[in-house]
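Comments concern the structure below.
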Amino acid sequence: MRFNIVSANQAEMALESENFYHSFDVCRSCLKKTPGDVLLYIIMARTISRSPAVVDSWKDVADITASLLDFNRRKSIQTSSFWHALSFINSCLISNYLSHNGNPLIKFLTQNSRRVSDGKIELLILTCVWKRHELSRLFFSYYQELGKKLSPGIDIQIVAVGSEGEVSRSICEEYGVHYLEYPNQPLSDKWQAGLNYARSFDFDALVVLGSDDFICEDTFRFYSKQVSKGALFLGFQDCYLHDFSSQKTIYWKGYGASNEQQSQPHRVGETIGLGRVLRRELLEFMDFDLWKEMGANKSLDGIMKNKIIAKTGFLPVKPVHGFDLTTNDVNYSLGMLSYRLKDLGLFGVDVKVSDNVTAFEKYITSTNVYDDVTLEFSKNGRLDFLNNL
Numbered sequence: 001m002r003f004n005i006v007s008a009n010q011a012e013m014a015l016e017s018e019n020f021y022h023s024f025d026v027c028r029s030c031l032k033k034t035p036g037d038v039l040l041y042i043i044m045a046r047t048i049s050r051s052p053a054v055v056d057s058w059k060d061v062a063d064i065t066a067s068l069l070d071f072n073r074r075k076s077i078q079t080s081s082f083w084h085a086l087s088f089i090n091s092c093l094i095s096n097y098l099s100h101n102g103n104p105l106i107k108f109l110t111q112n113s114r115r116v117s118d119g120k121i122e123l124l125i126l127t128c129v130w131k132r133h134e135l136s137r138l139f140f141s142y143y144q145e146l147g148k149k150l151s152p153g154i155d156i157q158i159v160a161v162g163s164e165g166e167v168s169r170s171i172c173e174e175y176g177v178h179y180l181e182y183p184n185q186p187l188s189d190k191w192q193a194g195l196n197y198a199r200s201f202d203f204d205a206l207v208v209l210g211s212d213d214f215i216c217e218d219t220f221r222f223y224s225k226q227v228s229k230g231a232l233f234l235g236f237q238d239c240y241l242h243d244f245s246s247q248k249t250i251y252w253k254g255y256g257a258s259n260e261q262q263s264q265p266h267r268v269g270e271t272i273g274l275g276r277v278l279r280r281e282l283l284e285f286m287d288f289d290l291w292k293e294m295g296a297n298k299s300l301d302g303i304m305k306n307k308i309i310a311k312t313g314f315l316p317v318k319p320v321h322g323f324d325l326t327t328n329d330v331n332y333s334l335g336m337l338s339y340r341l342k343d344l345g346l347f348g349v350d351v352k353v354s355d356n357v358t359a360f361e362k363y364i365t366s367t368n369v370y371d372d373v374t375l376e377f378s379k380n381g382r383l384d385f386l387n388n389l
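First residue of the sequence shown: 1, per our numbering; consecutive thereafter.
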């Protein structure tokens with residue numbers, strides 16, 4: 001990757017001398033010509049952070065950002081190194097979008113704000129089941145026991161959508177799970193049907209989990225804290241994966257972690273599907289539409305993301321860059337708040353058995369995108385609950 005060192009020096013010197021307009025103009029002009037220049041992009045972000053007034057066209061900033069990410073996608077260039085700068089720029093774009101008079105989301109929250117107490121929160125897990133009956137039983141029993149530990153401060157209910165008639169219904173009802181029957185494909189229709197059904201329940205926030213996803217008790221306590229503080233959307237960039245057949249466990253670092261195409265560098269900062277949380281107000285504003293009329297059997301995480309972006313203007317941001325809003329004495333943090341499980345000391349694992357939407361092999365194309373933690377996990381016992389499979 002080649003940088004325009006001369007222009008970068010000019011922009012940096014202008015920034016240091018507080019000639020912010022010149023610094024921004026140099027960065028913008030060069031980035032329009034050479035969209036892959038990360039160094040200039042970072043200087044542009046630093047300039048805007050010092051003097052947001054230099055931006056006379058946020059559309060230019062959005063177009064430059066989109067071009068940079070597309071360049072990295074086409075060239076398979078690692079992007080995690082400039083995630084902080086990108087997060088800051090995304091936060092500026094969110095702020096600009098939401099700050100226009102009459103913004104529908106701000107208006108909606110002003111009219112429909114609701115207070116959530118950290119001392120008593122109701123979470124609803126949405127999942128879908130298909131075959132893999134022993135794994136489904138393990139999933140339901142795991143969260144049944146977890147719910148007992150978290151009660152009464154955190155109340156957990158589960159809505160599951162199955163497609164095998166009495167077979168899947170009986171498994172769900174055995175564990176007190178709210179069940180809905182719906183055809184297995186298209187998968188997006190199946191998940192949307194579950195979301196439509198979930199609408200009738202009373203809950204503060206929705207937790208989206210595949211029936212092979214297991215998150216720890218502390219993760220739910222983290223959810224409770226963040227939702228009560230006003231997060232409308234939050235999720236994780238990284239996760240652990242366990243292949244049941246090989247007994248191999250890996251830590252997947254997230255999108256953009258390497259220069260491998262499989263790392264999908266243009267998606268840096270995005271949250272994965274496992275454990276995404278959406279507060280009730282966001283779902284109501286979306287009219288409970290995350291997958292409606294998509295007819296898809298893959299890329300459901302991306303479909304949800306794109307629908308939310310289109311409706312709200314949210315983009316992936318670090319929590320520190322969330323857009324803070326207070327209305328009717330209720331605090332909100334707006335944006336796609338993106339955390340890392342590893343940084344928080346939390347745990348979430350996707351267990352690969354069979355019939356997975358995304359195969360285990362897809363995550364291990366290069367050692368740059370994952371760490372092998374098989375030995376560590378065999379010693380610390382975090383996967384002992386899988387012994388019941």
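Cβ coordinates follow ideal geometry from the N, Cα and C atoms, glycine included.
Residue of the options minimising C-alpha distance to residue i
{"i": "residue 52", "options": "74, 31, 15, 82", "result": "15"}
{"i": "residue 13", "options": "44, 285, 59", "result": "44"}
{"i": "residue 208", "options": "74, 57, 126", "result": "126"}
{"i": "residue 390", "options": "302, 270, 97", "result": "Given a span of 1 to 389 for the chain in the structure shown, any question on residue 390 remains unanswerable."}
{"i": "residue 31", "options": "155, 8, 253", "result": "8"}
{"i": "residue 77", "options": "263, 270, 377", "result": "263"}
{"i": "residue 319", "options": "372, 360, 233", "result": "233"}
{"i": "residue 325", "options": "103, 17, 65, 150", "result": "103"}
{"i": "residue 382", "options": "216, 167, 22", "result": "216"}
Contacts around residue i, its chain only, beta-carbon distance under 6 Å, and the 5 residues preceding and following it disregarded
{"i": "residue 38", "result": "82"}
{"i": "residue 95", "result": "323"}
{"i": "residue 349", "result": "214, 240, 242"}
{"i": "residue 157", "result": "124"}
{"i": "residue 331", "result": "230"}
{"i": "residue 248", "result": "374"}
{"i": "residue 343", "result": "none"}
{"i": "residue 89", "result": "45, 65"}
Where residue i sits in the DSSP three-state scheme
{"i": "residue 302", "result": "helix"}
{"i": "residue 403", "result": "Outside the shown range of the chain (1 to 389) lies residue 403, about which nothing can therefore be said."}
{"i": "residue 78", "result": "coil"}
{"i": "residue 216", "result": "coil"}
{"i": "residue 284", "result": "helix"}
{"i": "residue 116", "result": "coil"}
{"i": "residue 354", "result": "coil"}
Sub-7 Å separation of residue i and residue j beta-carbons
{"i": "residue 46", "j": "residue 20", "result": "no"}
{"i": "residue 368", "j": "residue 299", "result": "no"}
{"i": "residue 338", "j": "residue 226", "result": "no"}
{"i": "residue 211", "j": "residue 118", "result": "no"}
{"i": "residue 341", "j": "residue 218", "result": "no"}
{"i": "residue 266", "j": "residue 101", "result": "no"}
{"i": "residue 68", "j": "residue 41", "result": "yes"}
{"i": "residue 285", "j": "residue 108", "result": "yes"}
{"i": "residue 59", "j": "residue 128", "result": "no"}
{"i": "residue 206", "j": "residue 105", "result": "no"}
{"i": "residue 57", "j": "residue 328", "result": "no"}
{"i": "residue 384", "j": "residue 251", "result": "no"}
Close beta carbons around residue i, own chain, < 7 Å, minus the five adjacent residues each side
{"i": "residue 179", "result": "160, 162, 169, 172, 173"}
{"i": "residue 388", "result": "138"}
{"i": "residue 268", "result": "79, 80, 83, 86, 255, 256"}
{"i": "residue 294", "result": "188, 303"}
{"i": "residue 354", "result": "132"}
{"i": "residue 314", "result": "94, 233, 308, 334, 335, 336"}
Contact belief for residue i with residue j at Cβ below 8 Å, rounded distance in angstroms
{"i": "residue 275", "j": "residue 235", "result": "6 Å"}
Proximity test, residue i beta-carbon vs the ligand PLP heavy atom, cut-off 6 Å
{"i": "residue 175", "result": "With respect to the ligand PLP, the structure shown offers nothing to examine, as it has no ligands at all."}
Cβ neighbours of residue i in the same chain (closer than 8 Å, five flanking residues each side left out)
{"i": "residue 55", "result": "24, 48, 61, 92"}
{"i": "residue 197", "result": "159, 161, 178, 180"}
{"i": "residue 135", "result": "211, 212, 351, 353, 389"}
Beta carbon proximity, residue i to chain C, threshold 7 Å
{"i": "residue 329", "result": "Annotation note: the requested chain C is absent from the structure, which comprises a single protein chain."}
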